[in-house]
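Read in the numbering used here, the sequence shown has 47 at position 47, and its numbers run on one by one without any break. By construction, the Cβ of each residue, glycine as well, lies at the ideal position given by its N, Cα and C atoms. Treat the numbers as computed from the prediction; the structure is a model and nothing was measured. First comes the structure, then the notes that go with it.
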Amino acid sequence: MKNYLSFNRNEWAALAPANRVQVSKEELAKVKSLGDVIDLTDVHEIYTTLVGYLHLMFENKRHAQADSMRFLHKTIKTAPFIIGISGSVAVGKSTTARLLQLLLSRTYPDLKIHLMTTDGFLYNNAELAQRNLMPRKGFPESYNMQLLSDFLSDVLAGKEDIVYPLYSQELSDIVPGKYGHVKRPDILIMEGINTLQLPESGQMVTSDFFDFSIYIDAKEDLIESWYMQRFTKIMEMNKNKPDNFYYELANGPRTAALQLAEETWQMVNLVNLREYIAPTKTRASLILHKTTGHVIDQILLRRF
Numbered sequence: 001m002k003n004y005l006s007f008n009r010n011e012w013a014a015l016a017p018a019n020r021v022q023v024s025k026e027e028l029a030k031v032k033s034l035g036d037v038i039d040l041t042d043v044h045e046i047y048t049t050l051v052g053y054l055h056l057m058f059e060n061k062r063h064a065q066a067d068s069m070r071f072l073h074k075t076i077k078t079a080p081f082i083i084g085i086s087g088s089v090a091v092g093k094s095t096t097a098r099l100l101q102l103l104l105s106r107t108y109p110d111l112k113i114h115l116m117t118t119d120g121f122l123y124n125n126a127e128l129a130q131r132n133l134m135p136r137k138g139f140p141e142s143y144n145m146q147l148l149s150d151f152l153s154d155v156l157a158g159k160e161d162i163v164y165p166l167y168s169q170e171l172s173d174i175v176p177g178k179y180g181h182v183k184r185p186d187i188l189i190m191e192g193i194n195t196l197q198l199p200e201s202g203q204m205v206t207s208d209f210f211d212f213s214i215y216i217d218a219k220e221d222l223i224e225s226w227y228m229q230r231f232t233k234i235m236e237m238n239k240n241k242p243d244n245f246y247y248e249l250a251n252g253p254r255t256a257a258l259q260l261a262e263e264t265w266q267m268v269n270l271v272n273l274r275e276y277i278a279p280t281k282t283r284a285s286l287i288l289h290k291t292t293g294h295v296i297d298q299i300l301l302r303r304f
């Protein structure tokens, strides 16, 4: 990929700042997504360098905003530094997002870091059913992209308190009457499969709002195996939770549940990955490539 600088794991680790932040195994366990694999070696060899580079980009934006205000003789509310994280279902986006929040907060305690997902901008299940979009849940048309665009516009405008819908993985739906709040953070991390996707004609491209974007990449067969492993674990965890979306699957025939998972992968997640997610990879500022065992073996950084 000629538009990117390529680093192997050792080359990237050599760029890490000397003052490495300390993280415990217990803290890592809390940020790790179900089925993902991460350890302290990953923190030191991959994420310490990434956090240092992100802070450099953050400071560059702060300086540019200050220079602009001096030139224009205008006082403008400083906009947060926005990081977008994208990639397939089950590839480890949530782990990366939560770990970056932890490390940025720990390394730069004076900065206010807010983390959110774009799941809250899905239409609720009732709306999806009305639009005949339930089989396409997760595809671009299942998201209220105008609402997401308006939300990001308010963030960049420096609005004091911005609300956004919350999504529940347990319900597999938007939570009625519950909202998240963004209150002028220094850094906003947004994680979701659609963060780099091109919307319908005439709408603002979501990634245009981002100062830095990360795509987590892996081969399709690996992601499929991670998806199936995670599905099995989720069923086991929710076998005794009647209110959970997976309860009936967990208490029904195992072969039928696994068949449904495989069909969902083949007919929904894989199609979405090939048609809408993977094509956005080259729009990312940074690509983290994973191999067997969720090991990051290559880092690609977009050239300026």
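Would you report the Cα separation of residue i and residue j, rounded to the nearest angstrom?
| i | j | result |
| --- | --- | --- |
| HIS289 | GLU11 | 14 Å |
| SER207 | LEU103 | 23 Å |
| ASP110 | ASP186 | 9 Å |
| ASN124 | TYR246 | 18 Å |
| LEU270 | ASN132 | 20 Å |
| ILE76 | GLY158 | 9 Å |
| THR78 | ILE162 | 15 Å |
| LEU188 | PHE58 | 11 Å |
| THR292 | GLY84 | 24 Å |
| PHE209 | ASN60 | 16 Å |
| PHE121 | GLN266 | 24 Å |
| PHE71 | THR118 | 36 Å |
| ALA261 | ASN240 | 20 Å |
| TYR313 | THR195 | No statement about residue 313 is possible, as the shown extent of the chain runs from 1 to 304 and does not include it. |
| GLN146 | GLU127 | 15 Å |
| TYR179 | TYR164 | 5 Å |
| ILE174 | THR232 | 23 Å |
| PRO140 | VAL182 | 24 Å |
| PRO80 | GLU160 | 12 Å |
| ASN144 | ALA18 | 43 Å |
| LEU99 | VAL31 | 6 Å |
| ARG254 | ALA64 | 57 Å |
| ASP67 | ASP221 | 48 Å |
| GLU170 | ARG136 | 19 Å |
| MET307 | TYR167 | The question about residue 307 has no answer here: the residues shown for the chain are numbered 1 through 304. |
| ASP217 | ALA278 | 8 Å |
| ILE193 | MET69 | 35 Å |
| LEU156 | TRP226 | 36 Å |
Where do the ends of the beta strand (DSSP E) carrying residue i lie?
| i | result |
| --- | --- |
| HIS289 | 286-291 |
| THR117 | 113-117 |
| GLN298 | 295-302 |
| VAL362 | The question about residue 362 has no answer, for the chain in this structure spans 1 to 304. |
| SER168 | 162-168 |
| SER86 | 81-87 |
Going by beta carbon distance, what residues of the same chain come within less than 8 Å of residue i, once the five residues before and after it are set aside?
| i | result |
| --- | --- |
| ASN3 | THR282, ARG302, ARG303 |
| MET228 | LEU258, ALA261, GLU262, TRP265 |
| VAL37 | GLY293, HIS294, VAL295 |
Tell me, to the nearest whole angstrom, how far the beta carbon of residue i is from that of residue j; I am working on the premise that it is less than 8 Å.
| i | j | result |
| --- | --- | --- |
| ALA16 | GLY52 | 7 Å |
| VAL268 | GLY87 | Actually they are not in contact, since the Cβ atoms of VAL268 and GLY87 sit about 16 Å apart, beyond 8 Å. |
| ASP211 | ILE82 | 5 Å |
| ALA250 | GLU263 | Wrong, their Cβ atoms sit about 17 Å apart, outside the cutoff. |
| ILE296 | ILE46 | 5 Å |
| ARG274 | ALA90 | In fact, because the Cβ distance is near 15 Å, the residues do not count as touching under 8 Å. |
| HIS55 | ARG20 | No, HIS55 and ARG20 are not in contact; Cβ-Cβ is about 14 Å, not under 8 Å. |
May I ask which residues mark the beginning and end of the alpha helix (DSSP H) holding residue i?
| i | result |
| --- | --- |
| TYR247 | 247-250 |
| HIS55 | 48-72 |
| GLU307 | The displayed coordinates of the chain run from 1 to 304. Any statement about residue 307 would go beyond what the structure contains. |
| MET228 | 220-237 |
| PHE209 | Careful: PHE209 lies outside any alpha helix (DSSP H) and carries neither H nor E. |
| SER153 | 145-156 |
| ASN305 | No statement about residue 305 is possible, as the shown extent of the chain runs from 1 to 304 and does not include it. |
| LEU273 | No alpha helix (DSSP H) holds LEU273; DSSP gives it neither H nor E. |
| LEU28 | 25-31 |
| LEU103 | 93-107 |
| LEU188 | From DSSP, LEU188 is part of no alpha helix (DSSP H) but of the beta strand (DSSP E) over 187-191. |
With a CB to CB cut of under 7 Å and the five nearest residues on each side skipped, what residues in its chain are close to residue i?
| i | result |
| --- | --- |
| SER33 | GLY92, SER94, THR95 |
| SER6 | GLN298, LEU300 |
| ALA97 | ILE85, LEU115, ILE189, GLU191 |
In its own chain, which residues sit with a C-beta less than 6 Å from the C-beta of residue i, not counting the 5 before and 5 after it?
| i | result |
| --- | --- |
| LYS112 | PRO185, ASP186 |
| THR49 | TRP12, LEU15, ALA16 |
| SER172 | PHE245 |
| GLN197 | PRO140, TYR276, THR280 |
| GLU248 | none |
Report buried or exposed for residue i, applying the criterion of at least 16 other Cβ atoms within 10 angstroms of its Cβ.
| i | result |
| --- | --- |
| GLU224 | buried |
| ASN238 | buried |
| GLU26 | exposed |
| GLY252 | exposed |
| GLY35 | buried |
| GLN22 | exposed |
| THR280 | buried |
| ALA129 | exposed |
| ASN272 | buried |
| ASP150 | exposed |
| HIS73 | exposed |
| ASP42 | buried |
Please confirm if residue i has its CB atom under 9 Å from at least one CB of chain C.
| i | result |
| --- | --- |
| GLY35 | Here chain C cannot be found, since the structure has a single protein chain. |
Hey, would you say the C-beta of residue i is under 8 Å away from at least one heavy atom of the ligand GTP?
| i | result |
| --- | --- |
| ARG230 | The ligand GTP is absent from the structure shown, which contains no ligands of any kind. |
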